[in-house]
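Enquirer: Residue numbers for the sequence shown, in our numbering: 292 to 350.
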Amino acid sequence: MKLFLERLLYFWAGITVIGLGIAALYWAIKVVIYIAFISLFVAIAATAFYHFYWVQRDK
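#1: How far does the alpha helix (DSSP H) with Tyr301 in it reach, from first residue to last?
#2: Ignore the nearest five residues each way along the sequence and tell me which others in Trp345's own chain have a CB closer than 7 Å to its CB.
#3: Just the C-alpha distance for Leu316 and Tyr325, rounded to the nearest angstrom, thanks.
Dropping the structure here:
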């Protein structure tokens with residue numbers, strides 16, 4: 292019985308570590324994509340401001 296409980300503990304720990312790794316990977320990918328989209332919209336706004344206002348203010 293002790294061997295069974297020991298193996299159960301090892302399997303449970305292994306499955307838990309794998310699950311936490313998958314969750315961390317999913318979270319990291321989600322955060323990177325979220326930040327990338329925010330950066331894209333900030334870059335579009337900055338480029339539009341520069342192109343339509345900042346460059347033409349001297350003319």
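Every residue gets a Cβ at the ideal spot worked out from N, C-alpha and C, and that includes glycine.
Expert: Inspection of the coordinates gives the following:
#1: Lys293 to Phe340
#2: none
#3: 14 Å
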